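Student: Numbering (my numbering), first residue to last: 43 to 313.
Could you have a look at this structure, given as structure tokens, before my questions?
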């Protein structure tokens, strides 16, 4: 994970947590604190009760707008764990206030918002203000070992194929049962989980390794709802990976009915 440079003897980095949902609570209560050289100084959520509840658990003030938190808490880092459609406005306001940003994936809900966030981040970087995207797959130990075996040690010979398997007993997952996560505009398994593996592939094969995506995506009759499945291919340089996504539990038998997210690679010397 990206992180501003910290000193053992420096005061803790002052953090405002924006978003009092499951992932915001996870960071506020478990990841920020003395061991990471940080201190949560405010919690922001448009739901006043949610903000107050999490802030009470942390021991800090709560706010219903980022502007209020910026004025009252003087944070140095803004953690943004809100629905994707809100990211652009929050990122731009945070960077304009010269606060570093740690942003949850996916980057944005649209290409235009994504481009705007990148442009704002590049401009802020010239002032020493940084934006990082929270993609835990970059440091996944199994993924690091896969790169070593497949590309560095060539333990399976020449790579001949593989697949990205995203199979869920149901969507949304129990801990993500909020409207935006099941909505077509912002949610769905490809955005929520596929994003992790897209970054994972780049860690294994290099930046911009996925050259083309071809897929048939299945949607429910209700046009407000996100995809229910997908089948296709991810084309890399000299390698094609199958893409398979299900959300009805039909492909979760191997995991005892639980979710199954896999990225197997096949080689001529054995998978």
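Note that CB positions come from ideal geometry on N, CA and C, so glycine has one too.
These figures come from a predicted structure and were not determined experimentally.
Please specify which runs of the alpha helix (DSSP H), each continuous and at least 4 residues long, are wholly inside the stretch 98-175, giving them in chain order.
Tutor: Listed in chain order, they are 108-115, 129-138 and 153-167.
Student: Could you give the first and the last residue of the continuous beta strand (DSSP E) run that contains residue 309?
Tutor: It spans 307-309 - the beta strand (DSSP E) in which residue 309 sits, taken as one unbroken run.
Student: Grouping DSSP H, G and I as helix and E and B as strand, with all else coil, what is residue 198?
Tutor: Looking at residue 198 - three-state DSSP - the assignment turns out to be coil, as it is neither helix nor strand.
Student: In the DSSP assignment, what are the bridge partners of residue 58?
Tutor: In the DSSP output, where bridge partners are listed per residue, residue 58 has 84 and 120.
Student: Is it buried or exposed, residue 264, if we count other Cβ atoms within 10 angstroms and call 16 or more buried?
Tutor: Label assigned to residue 264: exposed.
Student: I need the straight-line Cα distance from residue 193 to residue 92, nearest angstrom please.
Tutor: About 46 Å.
Student: Give me the Cα-Cα distance between residue 257 and residue 113, rounded to the nearest whole angstrom.
Tutor: Whole-angstrom Cα-Cα distance: 47 Å.
Student: Does the Cβ-Cβ distance between residue 108 and residue 86 come in under 8 Å?
Tutor: Yes, the pair counts as a contact, with Cβ atoms nearer than the cut-off.
Student: Within 10 angstroms of its Cβ, does residue 219 collect 16 or more other Cβ (buried), or is it exposed?
Tutor: The residue is exposed, with fewer than 16 neighbouring Cβ atoms inside 10 Å.
Student: When DSSP builds the beta bridges, which residues end up paired with residue 272?
Tutor: DSSP, once it has assigned bridges, lists 259 and 287 as partnering residue 272.
Student: Could you check how far apart the C-beta atoms of residue 81 and residue 54 are, in whole angstroms? I think they sit under 8 Å.
Tutor: Residue 81 to residue 54, Cβ: 4 Å. Contact.
Student: Drop a sphere of 10 angstroms on the beta-carbon of residue 260, count the other beta-carbons inside from all chains shown, and report buried for 16 or more, exposed for fewer.
Tutor: So residue 260 ends up on the exposed side.
Student: Roughly how far, in whole angstroms, is the beta-carbon of residue 59 from the beta-carbon of residue 66, given that I think they are within contact range, below 8 Å?
Tutor: Contact holds; Cβ gap of about 5 Å.
Student: Please say whether residue 151 and residue 228 have beta carbons closer to each other than 8 Å?
Tutor: Yes. Within cutoff.
Student: With three or more C-beta pairs closer than 8 Å as the rule, is the stretch 139-147 touching the stretch 194-210?
Tutor: Output reads no: the stretch 139-147 does not touch the stretch 194-210.
Student: Whose C-alpha, out of 164, 235 and 203, is nearest the C-alpha of residue 215?
Tutor: Ranking the options by Cα distance to residue 215, first place goes to 235.
Student: Given this structure, state the Cα-to-Cα distance separating residue 245 from residue 180, to the nearest angstrom.
Tutor: The straight-line gap from Cα to Cα measures roughly 6 Å.
Student: Using a 10 Å radius around the Cβ and a threshold of 16 neighbouring Cβ atoms, would you call residue 168 buried or exposed?
Tutor: The residue in question, residue 168, is exposed, as its Cβ has fewer than 16 Cβ neighbours within 10 Å.
Student: Would a C-beta distance cut-off of 8 Å place residue 122 and residue 145 closer than the cut-off?
Tutor: It is a contact, given that the beta carbons lie within the stated cut-off.
Student: Is DSSP giving residue 205 helix, strand or coil here?
Tutor: It is a strand residue.
Student: Compare the beta carbon distance of residue 211 and residue 271 with 8 Å and say whether it is the shorter of the two.
Tutor: The answer is no: Cβ separation not under 8 Å.
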